[in-house]
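Participant: Residue numbers (this note's numbering): -2 to 315. Beta carbons are placed, not taken as given, at the ideal position from N, Cα and C, and that holds for glycine.
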Amino acid sequence: MTPEEQNFMRKINAEEKIEPKDWMPDAYRKNVTRQMSQHAHSEVIGMQPEGNWITRAPSLRRKVVLLSKVQDEAGHGLYLYSACETLGISRAEMIEALQKGTAKYASIFNYPTLTWGDVGAIGWLVDGAAIVNQVSLQRTSYGPYSRGMIRICKEESFHQRQGYEALLVLAQGSPEQKQMAQDSLNRFYWPALMMFGPHDSESAHSAKSMEWKIKRETNDDLRQKFIDQTVPQIEFLGLEHPDPAIKWNEERGHYDHGDIDWEEFYSVINGNGHCNRQRIEHHVAAHEEGAWVRDAITAYNDKKMPTKQKTWRKGYLI
Ligand code: FAQ
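Shown next as structure tokens:
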């Protein structure tokens, strides 16, 4: 190992954060950029399924809460894009990769939101799964990512509670409303489990990401945590568990469970889910419609800022 590599590994082993100006192996930079930018894309694309219900929320209170939650997700995307830019990639490059399909985003957002119950299920299960993962990522080795996660987790907790509360109201309502809650649970449960990625044995990046402490827990360990915490939540709602194989295993101290439909998972992450095309088309249209705002900011900066700063700002804004 070179002295630079030794110092890098010393910091990783000592739980010191790697900061933007520190030396880091190219593969570390590439891997953090990949994961963090895909995380940012997920937050932004993730606004669409719930955004679909803002105009149809069942009350003013629900509308205000949902609007605020969706705005939070935009904010999370912005923190993460900014954190990613500290590694030397521009916002424009990241957006291009998303729109061309060379960068992924979480598979869950390619499922449609058919009923109001789905909005509750997303808050409860999707934000719930995101929190399990992100709490662990608060200890990631890359400083800006870690600090972003600490802030994001606080907001996600509110999202999870609002979703669970919305489903609780449905589950305690008329038989039709309870059925709506059950149907949303049935459709979102398995895709939520897929959010944790492939089994550890199939995970391309896990080994290196664990060694470099980019990831602090494996895909399967995090998924098990989520499965375990969800069982009593389903019981409290008085709904049926969508997995008939779910069973407490005294010896393991965890719930045993059925297997995920991995064919569906790979089909969705390879672009063939219900809404993949619609999500990207919508993103492209919104991005094009927003071009005048970016142009206006760039023109303003060109006028106001000294030349040196201008170039720097341009890289961030375009
Ligand atoms: N969907 O080798 P691994 C949220 C890809 S935030 C799509 O295991 P890794 C908040 C993976 O990228 C949700 N692709 O990969 C919210 C890789 O492809 P690549 C997002 C997936 O990175 C709520 C390939 O498969 N959270 O929901 C998925 O070590 C409501 C091989 O997989 C994060 O991004 C998937 N589910 O582990 C917002 C958390 N799983 O890059 C709005 C940060 C795997 O080689 C509304 N990310 N792939 O082309 C992570 O923790 C990790 O990236 C994993 C995957 C665990 C997702």
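#1: Using 8 Å for Cβ pairs, my map puts Leu236 next to Ala168. What's the rounded Cβ distance?
#2: For Ile86, which of helix, strand or coil comes out of DSSP?
#3: At which residues does the alpha helix (DSSP H) containing Tyr297 begin and terminate?
#4: When you compare only the Cα positions, how much space is there between Gly48 and Met191?
#5: Does the beta carbon of Ser87 fall short of 7 Å from some heavy atom of ligand 1?
#6: Here's the rule: buried if 16 or more other CB atoms are within 10 angstroms of the residue's CB, otherwise exposed. What is Leu164?
#7: Got a sec? Which residues, its chain only, sit under 7 Å from Ile326 by beta carbon, not counting five neighbours each side?
#8: Please state whether DSSP places Trp121 in a helix, a strand or coil.
#9: Could you check whether Trp50 and Ser138 sit closer than 8 Å to each other, using their CB atoms as the reference points?
#10: Just tell me which of Ala89, Gly255, Tyr25 and Ala11 has its CA closest to the CA of His38.
#11: Taking the straight line between their C-alpha atoms, what separation do you get for Lys300 and Ile294?
#12: Extract the residue ranges of the beta strand (DSSP E) inside the segment 157 to 214, only unbroken runs of 3 or more that lie entirely within it.
#13: To the nearest angstrom, how far is the alpha carbon of Arg213 from that of Arg136?
Facilitator: Let me spell this out:
#1: At roughly 6 Å, the Cβ-Cβ gap stays under 8 Å, so Leu236 and Ala168 are in contact.
#2: coil
#3: Where Tyr297 is concerned, the enclosing alpha helix (DSSP H) stretches over Ala288 to Lys301.
#4: Each residue's alpha carbon lies about 22 Å from the other.
#5: no
#6: By the Cβ neighbour-count rule, Leu164 is buried, with 16 or more other Cβ atoms within 10 Å of its own.
#7: In the structure as shown, the chain begins at -2 and stops at 315. Residue 326 is therefore absent and cannot be evaluated.
#8: helix
#9: no
#10: Ala89
#11: 10 Å
#12: none
#13: 7 Å
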